[in-house]
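Only one structure is covered here, and it is reproduced in the block below.
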Amino acid sequence: MDTLQRLVRNPLGLTGLILILFWVGVAVFAPFISPPGNVHDPYKVIRLSYSSLPSPPEEKAPLGTTGGGYDIFYGIVWGSRTAFRVGLIVVTVTSIIGTLLGGVAAYAGGAIDNIVMRITDLFMSFPFMIAVIIMSVVLGKGLDKVILALIIFGWRRYARVMRSAVLVVRRRDYINAAVSIGAGKVRIFLRHILPNAIFPVFVLAALDIGVMVLIAASLSFVGVGAEPGYADWGQMISFSRDWLLGIVGSPFQYWYTYVYPSIAILTFVLGWNLLGDALRDILDPRMRKIQ
Amino acid sequence: MFHYILKRFLTLPLILFILSLLIFSLVMFLSPYERLAVYIPNMDVTSMSISFDDLVERYELDAPFYVQYAKWLKGILRGNLGWSPSARMPVSRALRRYFPATIELMLLGGLIIFGGGLFLGTYTAVHHDRLPDQVARVGTIVGVSLPGFVFGLALLVIFYAWLDWFPPGRLSMWAEDVVYLSDFRQYTGMHTIDGLLNGRLDIVADALRHLLLPAIAYGIGMLSVMLRMVRSSMLETLQQDYVTTARAKGLLEKVVVKKHARRNALLPVVTLAGSIIARMIGGTVVVETVFNFRGMGQFMVTAARGLDFPAILGVSLLIGLIIILTNLVIDIMYTFLDPTVTLE
C-alpha cells in the first residue's frame, strides 16, 4: 500500500499508471468500443473496402482506413489486447524462469552457479532481436510463435538480476537463523530468500512489458511477426509504409495511417516505462538518495 | 596481460565452434522438406520430373546431424557459406556487400550514442535537478519508449516527404552509377571511406546524406539508455570523497569533472558497452528496413521472410563473431581504465 501511495504521489509514476489504466480499459471493453465483424475471430481487423488507397477519417471509420481498407480504429482497439497478451504472457513466463534459474544458481553456488551463469552469458551476448528473428524462422509465422521466441530468449536478464539479489540476501542473519533452526533448503529458498530478493524483478518486469511489446511490434513491422490482417500495432504501422510519402504537393496526405498507431504504441510503452522507473525509485533506496 | 590476450584468442575457436553448433541445430529443427524449399523457389511439383524425396536425398538433407554439420562446416572453412535464394547470390558475397553498409551505419550511430551519451550524461549530472536535467529525465523516458521504426518513419515524413533534404536508400542514383559502374575502387565497401580514398568528396557527401537519418533514428533509443547510465554513474562519483578533495585542493571545476569524476564514472559504462553493441546490431534490422538501407539487417529480414536458412546461418555466424571479438576488446579496455582490475 505504501508503494502504491508513493507511486501515485510521483507525477511521472502517476502518468504511467493512468496511461496503463487507459489501455487496460480499452482492452477490456474492446467488444463494446469496437464490435467485431466476426465474433469467432475478433482479432481479424475489419476491412471496410478492398481499395488500395487509404481513406480519411469519417463516420464509419473514425480514424480512417489503411491501404487495403483495414479500419485503423478497430486495429488500435483490438491491438491493445494483442499488446497486453504479448507483454503479460512473455514477462510472466520469462520472469518465473529467470527468477528460478538465477535464484537457484546463486543459492546453490559452485558448479551449478557456474553452468547456469555461463549459459545466461551466452544468451545475453547474442543480440536479442536477431535471436528472436532466427527463432521465428525456425518456429514459423504467427503471433504465438513470436511469443514463444520472446520467451526462449527473454529470461536472461531476470536470471542475472535475481542472482545478484539472492547473493546479497543469503548472507543475512535471518537466513542463518533459519538454517540453525533446521529449516530445509527448499523451504529456506521459497519462504525466506525469494520474498526478500524479488523486488528488483518487479521493477525489471514493469520495464520489460514495454520492451517486449516494442520488439513484437518491430517484428510485425519488418514482416516476421503477426499474420497479415491480425490486429497488431506494429503491423498497422507497416501498412502505412507505402503511404508515408503522401502525394506530390501534399506530403501529409495520409497522416492518419501512421500517426494513430504510432501514438498507441508510444503511450502504451511509455506508460510501462514511467511505472517501472517510478517503482525503481521507490523500491531502491540507493537510487532514491541520488535522485 | 599478453598471456591473457593470448589465452582469450586461443579459446576463440572453441567458442565459435559452440556457436556454430547451436545455430546449426536450430535450423535442423526444420524438416528436410522445409529446408528443401530453399533450393526450389516456386515449389512447382508438376513441372518437375523428380520427386521431393529424390531431391532430399540428392542434397543429403535427411543425413544424420553430424554428417550435415560436417558438410556445412567444411564449406565454411573454405569460405563457402552456401547459396542465398533471397539475395540471389552466394551468402559470402552477400555478406561482403551488405556488411560494410551496416558497419558504416553502426559507426555513425555509435558516435551519436557514445559521444552524445557521455557529453549529455555528464552535463545533466553536473546540472543536477536544474532545467537541463529535468528536460533530459523526461526526454530519455520518451526516447526509450519511442520505437525505432516510429521515430524513423517520422523522420522520413518530415525530412524526405516534406522537406526533401535526406532521401532513403544508401546512395543517390548518380552516385550508385559512379560507385558500381565507373573505375571507382571499392577498398572497404563503406562509401564514405572509399569516397575519401578515391578523392571523390561528392560521393562522401552523398553517402553521409543517406546515413544521417538512419543513424539518428537508430541512436535515439540507446542514446537515452546511455545518457541515463552516465548520468547516474556521474552523480554517484561526484559524491565521492576524492572529488571533494580535488575541489578542496582548488582545482578547476572542469578538471574535477573531467579528470577525477568522469574517468571513474566510465567504468560501469564500459561494462554496459558490450550489451549496447549487441543491441545496436539488433537495431540495424528495423532501421535498415525503415530507410530501405541495404545492409546486413535488411538482408537478414528478407532472408527470414523467405526461409532462406543459408543466409540466416551466415549472418548469425558473422554476428556471433563480432560479439565475441567486441567482448574481448571491452575486457582488455577495462584493464586500461581500472588499474585495480587484474586479468588472471
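Taken in sequence, the protein lines are chains L and W.
Just so you know, the numbering used here puts 317 at position 288 of the first sequence, and the rest follows in order with no gaps.
Just so you know, the numbering used here puts 43 at position 56 of the second sequence, and the rest follows in order with no gaps.
Glycine residues also receive a C-beta, built at the ideal position from the N, C-alpha and C atoms.
Fair warning: this is a prediction, and the values are worked out from it, not measured in the lab.
Return helix, strand or coil for residue i, following the three-state DSSP convention.
{"i": "Thr313 of chain W", "result": "helix"}
{"i": "Pro77 of chain W", "result": "strand"}
{"i": "Asp100 of chain L", "result": "strand"}
{"i": "Trp70 of chain W", "result": "strand"}
{"i": "Lys73 of chain L", "result": "strand"}
{"i": "Thr94 of chain L", "result": "strand"}
{"i": "Tyr79 of chain L", "result": "coil"}
{"i": "Ser84 of chain L", "result": "strand"}
{"i": "Ser132 of chain W", "result": "helix"}
{"i": "Tyr85 of chain W", "result": "helix"}
{"i": "Ser279 of chain L", "result": "strand"}
{"i": "Tyr174 of chain W", "result": "coil"}
{"i": "Leu303 of chain L", "result": "helix"}
{"i": "Lys227 of chain L", "result": "Note that residue 227 of chain L is Ile in the sequence shown, not Lys. Reduced to three states, the DSSP call for Ile227 of chain L is coil."}
{"i": "Ile311 of chain L", "result": "helix"}
{"i": "Pro155 of chain W", "result": "coil"}
{"i": "Val326 of chain L", "result": "A query on residue 326 of chain L cannot be resolved here, the shown segment of chain L reaching from 30 to 320 and no further."}
{"i": "Leu150 of chain W", "result": "coil"}
{"i": "Leu114 of chain W", "result": "For the record, residue 114 of chain W in the displayed sequence is His; it is not Leu. It is coil, neither helix nor strand."}
{"i": "Trp184 of chain L", "result": "coil"}
{"i": "Glu21 of chain W", "result": "helix"}
{"i": "Ala123 of chain W", "result": "helix"}
{"i": "Lys170 of chain L", "result": "coil"}
Do you know offhand how far residue i's Cα is from residue j's?
{"i": "Arg250 of chain W", "j": "Ile99 of chain W", "result": "20 Å"}
{"i": "Ile5 of chain W", "j": "Ile268 of chain W", "result": "21 Å"}
{"i": "Leu225 of chain W", "j": "Leu253 of chain W", "result": "12 Å"}
{"i": "Ala226 of chain L", "j": "Asp100 of chain L", "result": "46 Å"}
{"i": "Asp310 of chain L", "j": "Leu304 of chain L", "result": "10 Å"}
{"i": "Gly96 of chain L", "j": "Gly307 of chain W", "result": "39 Å"}
{"i": "Ala212 of chain L", "j": "Thr121 of chain L", "result": "29 Å"}
{"i": "Lys318 of chain L", "j": "Ala234 of chain L", "result": "Below a pLDDT of 50, predicted positions are generally treated as unreliable, and Lys318 of chain L, at 44, falls in that range; the measurement from the model is reported next regardless. Straight-line Cα distance between these residues: approximately 23 Å."}
{"i": "Ser78 of chain L", "j": "Gly98 of chain L", "result": "4 Å"}
{"i": "Ser209 of chain L", "j": "Gly132 of chain L", "result": "21 Å"}
{"i": "Gly301 of chain W", "j": "Ala178 of chain L", "result": "20 Å"}
{"i": "Ser7 of chain W", "j": "Ile292 of chain L", "result": "41 Å"}
{"i": "Leu48 of chain L", "j": "Asn302 of chain L", "result": "11 Å"}
{"i": "Leu33 of chain L", "j": "Val53 of chain L", "result": "18 Å"}
{"i": "Tyr321 of chain W", "j": "Ile105 of chain L", "result": "47 Å"}
{"i": "Val37 of chain L", "j": "Asp202 of chain L", "result": "34 Å"}
{"i": "Leu41 of chain L", "j": "Ala307 of chain L", "result": "7 Å"}
{"i": "Asn67 of chain W", "j": "Val129 of chain W", "result": "45 Å"}
{"i": "Met241 of chain L", "j": "Ala260 of chain W", "result": "21 Å"}
Could you check whether residue j and residue i sit closer than 7 Å to each other, using their CB atoms as the reference points?
{"i": "Ser71 of chain W", "j": "Ala298 of chain W", "result": "yes"}
{"i": "Ala204 of chain W", "j": "Val230 of chain W", "result": "no"}
{"i": "Asp261 of chain L", "j": "Ser247 of chain L", "result": "no"}
{"i": "Pro155 of chain W", "j": "Ile294 of chain L", "result": "no"}
{"i": "Leu92 of chain W", "j": "Pro255 of chain W", "result": "no"}
{"i": "Gly282 of chain W", "j": "Thr(-2) of chain W", "result": "no"}
{"i": "Thr179 of chain W", "j": "Pro87 of chain W", "result": "no"}
{"i": "Phe297 of chain L", "j": "Ala56 of chain L", "result": "no"}
{"i": "Val288 of chain L", "j": "Ser124 of chain L", "result": "no"}
{"i": "Ile222 of chain L", "j": "Val197 of chain L", "result": "no"}
{"i": "Tyr85 of chain W", "j": "Phe286 of chain W", "result": "yes"}
{"i": "Ala290 of chain W", "j": "Ser12 of chain W", "result": "no"}
{"i": "Val145 of chain L", "j": "Ala135 of chain L", "result": "no"}
Quick one: does the C-beta of residue i sit closer than 6 Å to a heavy atom of the ligand HEM?
{"i": "Arg38 of chain L", "result": "With respect to the ligand HEM, the structure offers nothing, as it holds no ligand at all."}
Relative to the alpha-carbon of residue i, which residue among the options has its alpha-carbon at the smallest distance?
{"i": "Arg292 of chain W", "options": "L:Phe157, L:Leu50, L:Val251, L:Asn205", "result": "L:Val251"}
{"i": "Tyr56 of chain W", "options": "W:Ile10, W:Pro77, W:Arg75", "result": "W:Ile10"}
{"i": "Glu21 of chain W", "options": "L:Asn302, L:Val288, L:Val166, L:Val106", "result": "L:Val166"}
{"i": "Leu46 of chain L", "options": "L:Ile266, L:Ile62, L:Gly300", "result": "L:Gly300"}
{"i": "Gly183 of chain L", "options": "L:Thr296, L:Ile159, L:Ile204", "result": "L:Ile159"}
{"i": "Leu210 of chain W", "options": "W:Gly103, W:Tyr53, W:Ser132", "result": "W:Gly103"}
{"i": "Phe16 of chain W", "options": "W:Ile2, W:Asp49, W:Gly97, W:Pro0", "result": "W:Asp49"}
{"i": "Phe102 of chain L", "options": "L:Asn302, L:Ala207, L:Leu117, L:Pro65", "result": "L:Pro65"}
{"i": "Leu172 of chain L", "options": "L:Arg270, L:Ile62, L:Gln264", "result": "L:Gln264"}
{"i": "Gly97 of chain W", "options": "W:Lys61, W:Leu168, W:Thr271", "result": "W:Thr271"}
{"i": "Ile181 of chain L", "options": "L:Arg199, L:Met153, L:Arg200, L:Ala207", "result": "L:Met153"}
{"i": "Ile75 of chain L", "options": "L:Val232, L:Gly258, L:Val119, L:Leu92", "result": "L:Gly258"}
Is any beta-carbon of chain A found at less than 7 Å from that of residue i?
{"i": "Arg83 of chain W", "result": "The structure shown contains no chain A; its protein chains are L and W."}
Query - Residue ranges of each alpha helix (DSSP H) within the stretch 213 to 243 of chain W, 4 or longer - result: 228 to 235
**Report entry** alpha helix (DSSP H) runs contained entirely in the stretch 238 to 269 of chain L, provided each spans 4 or more residues
**Finding:** 262 to 269
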